[in-house]
Structure formats: C-alpha cells, structure tokens
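Please read the structure below before turning to the comments.
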Amino acid sequence: IPRPPNAFIIFRMSKCADFTDAGVESDHRIISKIFGELWKKMGPEERAPYVEEAKRRAREHKMKHPNYRFSPK
1 IPRPPNAFII
11 FRMSKCADFT
21 DAGVESDHRI
31 ISKIFGELWK
41 KMGPEERAPY
51 VEEAKRRARE
61 HKMKHPNYRF
71 SPK
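Going by full-length UniProt numbering, the first residue of the sequence shown is number 1, and it counts up by one from there.
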C-alpha cells in the first residue's frame, strides 16, 4: 500500500503535467529540482491548497487503511 502523497508531491504532480505537455523538458531529475526551488520560494498562502489536499488524502488513506503503518523496505 503506497503512502499518501505529501504537499510537495501533490504540487509537483499538478505542475508536472503542464510542464512536460509543453515539451520543455522530460528529465524528471531536472524537473524536480526546478519545482523544488519554486516550492521553497512559495509562501504559506501559496502552499495552502497543496497542504490541504495532502491532509485530505491522508484522512482518506487512514479511513481506507486504518491499520496501515509505513515500513520502508
């Protein structure tokens, strides 16, 4: 069972489709670095929608998998 995504991952997923659809870059290492820098520069109010979505997904995940415990391989 995969973990629910955190706020940054949700941000990256939402922006990545737009970025790659434009044919700008397909190297995900570079894309992640760019989005990481953008994320660092964002204020709390800009991050809020992604944080709220992450919380919503975490609650949903907990409801679907109440006994879930993360255990790295």
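The C-beta atom is built at its ideal place from N, Cα and C for all residues, glycine as well.
Counting only the same chain and skipping the five closest in sequence on each side, list residues whose C-beta sits under 6 Å from that of residue i.
i	result
P4	R57, A58 and H61
Would you identify the three-state DSSP class for residue i, choosing helix, strand or coil?
i	result
D18	helix
K33	helix
F8	helix
K73	coil
List the endpoints of the continuous alpha helix (DSSP H) containing residue i.
i	result
K64	P44 to K64
Near residue i, which residues of its chain fall below 7 Å by C-beta distance, leaving aside the five closest residues on each side in sequence?
i	result
K15	F35
Check this for me: beta carbons of residue i and residue j, under 7 Å apart or not?
i	j	result
I10	E53	yes
F70	W39	no
Label residue i either buried or exposed according to how many other C-beta atoms from any shown protein chain fall within 10 Å of its C-beta, with 16 as the threshold for buried.
i	result
R12	buried
Y68	exposed
Looking only at its own chain, which residues have a Cβ that is under 8 Å from the Cβ of residue i, when we skip the five neighbours before and after it?
i	result
V51	A7
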